[in-house]
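*Asks:* Sequence positions in the sequence shown follow my numbering and run 395 to 578. Ideal Cβ placement from N, Cα and C applies to all residues, glycine included. Computed from a predicted model, the values in this text were never measured in an experiment.
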Amino acid sequence: MTDDLANGSITPDFISGVPDGDERERRICNTCGFIDYVNPKIVAGSVVTDRDGRVLLCRRAIEPRKGFWTLPAGFMEENETVEHAAQREAKEEACADIRIEQMLAVYSVPRISQVQIMFRAKLESSIDSGPESLEVGLFDWKDIPWSELAFPTVVWALTHYASTRHLNAFPPFTNPPGTEKITR
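(1) At which residue ranges does the region 498–575 contain complete alpha helix (DSSP H) runs of 4 or more residues, listed in the order of the chain?
(2) How would you label ARG514, buried or exposed, when you count the other beta carbons within 10 angstroms and need 16 or more for buried?
(3) What does DSSP give as the partner residues of ILE422 in its beta bridges?
(4) Is it buried or exposed for TYR431, if we count other Cβ within 10 angstroms and need 16 for buried?
(5) Using only the alpha-carbon positions, how far apart do LYS575 and ASN433 sit?
(6) According to DSSP, is GLU486 helix, strand or coil?
(7) Alpha carbons only, please: which of PRO571, ASN473, ARG559 and THR547 is nearest the one belonging to PRO466?
(8) Quick check: the Cα distance between LYS516 and ALA484, rounded to an integer number of angstroms?
(9) Going by the CB atoms, is the gap between ILE404 and THR425 shorter than 7 Å?
Structure below.
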């Protein structure tokens, strides 16, 4: 029956309902019974530093938060690892080749149905603005434009990076305590 849907011989007719054995309301095709599970989006990104310890930031050329600074990060694509997604995003946003060192954090933002996986990474190339960035830069810690950062998770990742920058190994961080009001 799903092949018939794919080739267009059956028109889907979605209704809302709770499938057998489930507890949540979902979209269910009234024609074939297909359940349209909608799951959170995964964002992959990195706190990228150069050999001098400067942090790579990108000024967003797109909404949301156009004009604000962020870490190179974005949505995973199908058929890629989370590490590859972080590397691809650094390439797309900052024309940067990076080497992933280790996972820094996993942040949950249920308000917008996102899971954000952040890594520590080293810059292995020059940088330039990609199509999603107005400009890119390498910032000494004291020069990071804290009041112009795009998202709370960018602040968290930078803060978590700072607390581990001299460590070779550490457990990944999660949402800081007391941040539920901005994530839910």
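*Replies:* For this structure:
(1) 546–558
(2) buried
(3) Paired residue(s): ILE409 and ILE429.
(4) With fewer than 16 other Cβ atoms inside 10 Å of its own Cβ, TYR431 counts as exposed.
(5) 22 Å
(6) helix
(7) With distances taken between Cα atoms, PRO466 lies closest to THR547.
(8) 11 Å
(9) yes
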